[in-house]
Amino acid sequence: MQPLAAPVHGELSKRLDLLVISELVESGSRVLDVGCGDGELLALLAEKRGVEGRGIELSQSGVNQCLARGLSVIQGNADTDLGDYPDDSFDYVVLSQTIQATVHPKRVLTEMLRIGRRVIVSFPNFGHWTVRMSLGFRGRMPVTENLPYSWYDTPNIHFCTIRDFVQLCRVVEADIERAVALDVGGTRMTLNAPWWFWNLFGQQAVFLLSHPDRPKSGG
Amino acid sequence: MASSRQSIPVDGASQARSEADTPSSRVMRFGLDQPLRLDSGQFIAPLQIGYQTYGTLNADRSNAILVCHALTGDQHVASDNPVTGKPGWWETVVGPGKPIDTNRFFVICSNVVGGCMGSTGPASTNPETGEPYGLALPLITIPDMVRAQAMLVDALGIDQLFCVAGGSMGGMQVLQWAVAYPERVFTALPIATGPRHSSQNIAFHEVGRQAIMADPDWRDGRYLAEGTSPRKGLAVARMAAHITYMSDEGLHRKFGRNLQDRDRVAFGFDADFQIESYLRHQGLSFVERFDANSYLYVTRAMDYFDIAADYGGRLANAFMGSKTRFCIVSFTSDWLFPTVESKTVVRALNASGASVSFVEIETDRGHDAFLLDEPVLFASIRGFLSSAAAARWK
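In order, the protein sequence lines correspond to chains A and B.
Just so we're aligned, residue 941 is where the first sequence starts under the numbering used here, counting upward by one.
Just so we're aligned, residue 222 is where the second sequence starts under the numbering used here, counting upward by one.
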């Protein structure tokens, strides 16, 4: 099995994207966190937003840390186990820093849109200028503090850029309700910047999606 | 009765025989006015339940954990077994400071109805005849066992159990508790189990039962009255079952093709291989402590178990509206209750919106892993129970 919830970013920037996610989630909602790791986001959402959370996590250590935190977590795999969940059974389905480690990102996203009224995806932007520099000038796959794996042992098999992800949203017919890009320092980038700017300077991105056939955000 | 005891030439066996009516544990008795209603439509009255408790019940009677034993287990979960003299069957998990901490929780474990360690079963004396019930005892089901446990829990003055926990057949009882008495189960911990007995599992049980019934000393179930004992049949039943509790990989690691006390095969049917010797030992030691008719009854109860069947074939309906917190555990090398069986329950609980966690533990020790030293299991139980306790008494 593929490790799906491998930490891709350092602790600090990871926390920042989780904070952005927590602001997108309405209080008291039901949330499924796919690839929930040690349960950090679910614990944050329970504390700040009073959500009823559920997690899916592949690693034994992550599952046990979630249990010890009192979270409901299922040991499983995003690529194979989402089919177990009924339609519209959650208000939000979250995939944080995990889509690039799935075998079938399109299928996973489609399943998430089926299970949740809304979907939140955060991912590292492979179009960031440092990545382009590494590939363009050094001719090497990037290995940085934030993307610490060599190409041959990385769990991240499906990297994408922000524009790539926007295109996938069109393919699966998801509406983009909101999108946030964070720069290297973890601060939000200007709202009205064009996509190319985000794609070059955004180090990570958070998207709030919904299915066009379903009711939109009430808030 | 005295004559039948003397006719069985083994001390352990005579001790086991006396446990059926007069167990060396606590006993709860229910008179003719409190019959146990059975799924078959019949009743058992009077009824006796042999049980053990560990730890102290708190003032508001909210810290009780019911541990349910497996097919050949008994109420001696965390203290020496009076028949074998061996430690309790789950002392790795239950005790002071253990994952099910008896310093904190009041642990109850009762012998199942149909068993032979002090709860009414085929080896118990039928008050109408003064002879052992034998096959005159009505068939028992898992829901019947749970109904009897609920009578015991009532008699102890406990309204809600903080947790119901158990592995294998014990796990079936946990699921049945959660389905039959959802408001009485705060957390449920079913381990290495499933929502029904599979066709393959029924098949293995049938082999065991046929081995017992083919033994001429079984005497159509009347062996206790006639002073015989179907030892060979019961031993073969145990040997066949024991194979299903271990994995191929685990067997190879433990025994391989190693020979027993010899350098080369003896060209005969003696126990050449260590695995043969091991199984024979398992079979022989089992017959000292277990009643053959109980083996028939309890295996049959497992065979009949199928929660979904009572809910129009939809398992999720059985858990609808449940507020119980579930933690389900399976083991990678368990082929008797493989992970897919646990996942069926997980899927149903998800569909019904219940709170469920699921852990699949990597091990090569097969089904019996739940009884062994498995640190990940201990950590899972500890984490689950302590966080649930924090929610229960916040």
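For each residue, glycine too, the CB sits at the ideal point set by N, CA and C.
- The C-beta of C1006 of chain A comes closer than 9 Å to at least one C-beta of chain B.
- The C-alpha of P1045 of chain A is placed about 48 Å away from the C-alpha of I496 of chain B.
- Counting the other Cβ atoms within 10 Å of the Cβ of G534 of chain B gives fewer than 16, which makes it exposed.
- The Cβ neighbour count for D491 of chain B, taken over all protein chains shown within 10 Å, is under 16; the residue is labelled exposed.
- Not one beta carbon of chain B lies nearer than 9 Å to the beta carbon of R1054 of chain A.
- In this structure Q1015 of chain A touches V580 of chain B by the C-beta definition: roughly 5 Å separates them, less than 8 Å.
- Looking from the CA of V974 of chain A, the closest CA among A:C1100, A:H1151, A:D1115, A:S1062 belongs to A:S1062.
- Residue-level contact by beta carbon fails for S999 of chain A and chain B, as no gap is shorter than 9 Å.
- Among the residues facing chain A, C548 of chain B is included, as its CB has a counterpart in that chain under 9 Å away.
- In this structure, L360 of chain B places its C-beta atom within 9 Å of the C-beta atom of Y518 of chain B.
- Across the structure, G392 of chain B and M541 of chain B are spaced so that their CA atoms are roughly 19 Å apart.
- Bounds of the beta strand (DSSP E) holding L410 of chain B are 406 to 412.
- Cβ neighbours of R483 of chain B within its own chain (closer than 8 Å, five residues either side excluded): D493.
- Of the candidates A:A1008, A:L964, A:A986, the residue whose Cα lies closest to the Cα of S578 of chain B is A:A1008.
- Listed in chain order, the positions of the region 579 to 611 of chain B with a beta carbon within less than 8 Å of a beta carbon of chain A are F579, V580, E581, I582, E583, V597, A600, S601, R603, G604, F605, S607, S608, A609, A611.
- Here Q273 of chain B really is in contact with V298 of chain B; their C-beta atoms are around 7 Å apart, less than 8 Å.
- Of the other Cβ atoms in all chains shown, fewer than 16 fall within 10 Å of the Cβ of W1091 of chain A; this residue is therefore exposed.
- Contact of V974 of chain A with chain B by beta-carbon distance below 9 Å is absent, the smallest such distance being about 13 Å.
- In this structure, G388 of chain B sits away from F526 of chain B, with a CB-CB distance that is not shorter than 9 Å.
- In this structure the region 544 to 564 of chain B does not touch the region 443 to 461 of chain B; the number of beta carbon pairs closer than 8 Å is below three.
- In this structure the region 1144 to 1153 of chain A touches the region 1056 to 1074 of chain A; the number of beta carbon pairs closer than 8 Å is three or more.
- The Cβ atoms of H463 of chain B and L500 of chain B lie closer than 9 Å to each other.
- In the displayed model, P1134 of chain A falls within coil according to three-state DSSP, outside both helix and strand.
- Chain order gives no chain A residues near A241 of chain B, where near means a beta carbon separation below 9 Å; the closest approach is about 40 Å.
- Taking one beta carbon from each stretch, the region 1129 to 1147 of chain A and the region 241 to 248 of chain B have fewer than 3 pairs nearer than 8 Å; the two do not touch.
- Among the residues facing chain B, L985 of chain A is not included, as its CB has no counterpart in that chain under 9 Å away.
- With its beta carbon at least 9 Å from every one in chain B, Y1032 of chain A lies outside the interface.
- Rounded to the nearest whole angstrom, the C-alpha separation of Y354 of chain B and T565 of chain B is 38 Å.
- Interface flag for R1057 of chain A against chain B is unset, since no Cβ pair is found closer than 9 Å.
- Counting only runs that start and end inside the region 976 to 1059 of chain A, the alpha helix (DSSP H) elements of at least 4 residues fall at 980 to 989, 1000 to 1008, 1018 to 1021, 1045 to 1055.
- Only exposed fits S420 of chain B, as fewer than 16 other CB atoms lie within 10 angstroms of its CB.
- If you keep only unbroken alpha helix (DSSP H) runs of at least 4 residues inside the region 354 to 390 of chain B, you get 363 to 376.
- With the criterion set as a beta carbon lying under 8 Å from some beta carbon of chain A, the members of the region 547 to 575 of chain B are C548, K564, V567, R568, N571, A572, G574, in sequence order.
- Under the three-state reduction of DSSP output, V314 of chain B falls in the coil class, being neither helix nor strand.
- For L1148 of chain A, no alpha helix (DSSP H) encloses it; the enclosing beta strand (DSSP E) starts and ends at 1144 to 1150.
- Secondary-structure assignment with DSSP links T346 of chain B through a beta bridge to B:P353.
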